[in-house]
Amino acid sequence: MTLDERLIRGLTGHPDNIGTTLIPFDVYKIRKAYPKNRPLHRLLFYILRTTEQSLSNQDLDKLVKTLALDSRRSSKTRSDIEKAFDILKKTGVVESYKIEDESTSARVKLSFTKSKDWYMKDWSKNIIELPAGEESRDVPESE
Numbered sequence: 390m391t392l393d394e395r396l397i398r399g400l401t402g403h404p405d406n407i408g409t410t411l412i413p414f415d416v417y418k419i420r421k422a423y424p425k426n427r428p429l430h431r432l433l434f435y436i437l438r439t440t441e442q443s444l445s446n447q448d449l450d451k452l453v454k455t456l457a458l459d460s461r462r463s464s465k466t467r468s469d470i471e472k473a474f475d476i477l478k479k480t481g482v483v484e485s486y487k488i489e490d491e492s493t494s495a496r497v498k499l500s501f502t503k504s505k506d507w508y509m510k511d512w513s514k515n516i517i518e519l520p521a522g523e524e525s526r527d528v529p530e531s532e
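Remember, our numbering sits 389 above the position in the sequence shown when you count from 1.
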């Protein structure tokens, strides 16, 4: 049995490792709404783990490899990524994105800007309240 080198770097705290990621509650709402959209799920977590607010001129083919998507069918994979970005823009995860072909080479470049605190827009919806009569029994009521 062999452990993935990325897992080993994470467990040992290697400097090239991002460490941990706090995952907002709303991520699970997005995943639940699109349960079979693997490119969307992988792109969503990639964006969450990106430390910069914006990324510019990223090579789309390298992103496909990073996300472990099917690189053999490039036009379909690019279409899937574009659809995933549309969903992430609609849900407010990214403010903007741009996918463009470079005229001087066969490369496709990607740029995007994450929405700042997109998961904090209405934080009151993330609070789970107990129904009436279900208050904690540990705390004595004041008389």
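Using N, Cα and C, we set each Cβ at its ideal position, and we do this for glycine too. For clarity, every value in this text was computed on a predicted model and none was experimentally measured.
Looking only at its chain, what residues have a beta carbon closer than 7 Å to the beta carbon of residue i, apart from the 5 residues adjacent to it on each side?
i: S504; result: G481, V482, V483 and E484
i: L519; result: No answer about L519 holds up, because its pLDDT of 43 lies below 50 and its placement is not dependable.
i: H430; result: R420
Looking at the strands, I want to know which residues DSSP matches up with residue i.
i: T502; result: S443 and S485
i: V497; result: D490
i: D448; result: K498
Looking at C-alpha atoms only, which residue of the options is the closest neighbour of residue i?
i: K472; options: R462, R461 and Y486; result: Y486
i: D506; options: R496, S463, T440 and N446; result: T440
i: I488; options: G402, Q447 and T391; result: Q447
i: S463; options: S445, H430, P424 and A495; result: A495
i: K479; options: M390, S445 and A422; result: A422
Taking its Cβ as the centre, do 16 or more other Cβ atoms sit within 10 Å of residue i, making it buried, or is it exposed?
i: L452; result: buried
i: I419; result: buried
i: D393; result: exposed
i: I470; result: buried
i: L396; result: exposed
i: P404; result: exposed
So residue i packs on residue j, CB below 8 Å; how close in whole Å?
i: L456; j: L432; result: 6 Å
i: I436; j: L499; result: About 11 Å; that fails the 8 Å criterion.
i: F474; j: F501; result: 7 Å
i: L458; j: P428; result: 6 Å
Suppose the cutoff is 8 Å on Cβ atoms and the five residues either side in sequence are ignored; what does the same chain contact list for residue i look like?
i: S460; result: D450, V453, K454 and T466
i: E491; result: V497 and K498
i: S443; result: S500, F501, T502 and K503
Can you tell me whether residue i sits near the ligand PLP, meaning its C-beta is under 6 Å from at least one heavy atom of the ligand?
i: T493; result: Judged by which ligands are present, the structure shown has none, so any question about the ligand PLP falls away.
I'd like the list of long-range same chain contacts for residue i, defined as Cβ closer than 6 Å, with 5 residues on each side in sequence excluded.
i: N426; result: none
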